[in-house]
Amino acid sequence: MESLKTVTQGMAVQLVISPTCSLSMCMSLRYEPTDPYVVRAVFFTDTDEPAEWVLGRDLLADGLRGSAGCGDIRVWPAVGRGDQAMYIVLGAPAGTALLEVPVQDVRTFLKDTEALVPRGTESGHIDWEPELANLFAKG
């Protein structure tokens, strides 16, 4: 299987606490062509361990244009903010986080990922033999 580079993009995001209060934090998006449907979002806080969430690349792209996702992860453009921000909601048993994310950083990140693996061609970048062996080993 052909080895392709990884795309990473760091950005400052806002953890929205209330309509008038938010906290700045750092988020890093990571895309690996060997796992072509997935974007890993790592959040750095004051704790020793960063928090990581797995997002669908299509979910992020769809969230630039309108409301996308359901359940634990939802994404949508920030109304009235022009082209400046989008929101990501991450839900977990411990609580829910609302993040305000800069649109241009997400667009740049997605453009870079699509230069490596165009949307619609993801399945051609998966090494199916280990995936199937793992599936049958569990079955």
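According to this note's numbering, the sequence shown is numbered sequentially starting from 59.
Glycine included, each C-beta is placed from N, C-alpha and C at the ideal position.
Counting along the chain, where does the beta strand (DSSP E) carrying residue 99 start and finish? 96 to 102
| said: Taking the alpha carbon of residue 188 as the reference point, which residue from 66, 113 and 93 has its own alpha carbon closest? | reply: 93
Notebook entry, point to check: Are residue 115 and residue 171 touching if we call contact CB-CB under 8 Å?
Noted result: Taking 8 Å as the Cβ cut-off, residue 115 and residue 171 qualify as a contacting pair.
Self-check item: Span of the beta strand (DSSP E) around residue 174
Solution: Segment 161 to 174 is the alpha helix (DSSP H) holding residue 174; no beta strand (DSSP E) there.
Q. For residue 135, which residues of its own chain have a beta-carbon under 6 Å away from its beta-carbon, when the five flanking residues on both sides are left out?
A. 144
Using only the alpha-carbon positions, how far apart do residue 146 and residue 131 sit? 7 Å
Next item on the list: Identify every residue that forms a DSSP beta bridge with residue 71.
Entry: Beta-bridge annotation (DSSP): residue 71 is paired with 83.
Helix, strand or coil at residue 129 according to DSSP, with G and I counted as helix: coil
Considering only the alpha carbon of each residue, which of 90, 153, 84 and 168 lies closest to residue 129? Distance from the Cα of residue 129 is smallest, within the candidate group 90, 153, 84 and 168, for 153.
| Assigned exposure category for residue 65 - 16 Cβ within 10 Å defines buried | buried
request  = Grab the span of the alpha helix (DSSP H) containing residue 119 for me, first residue to last.
outcome  = 115 to 121
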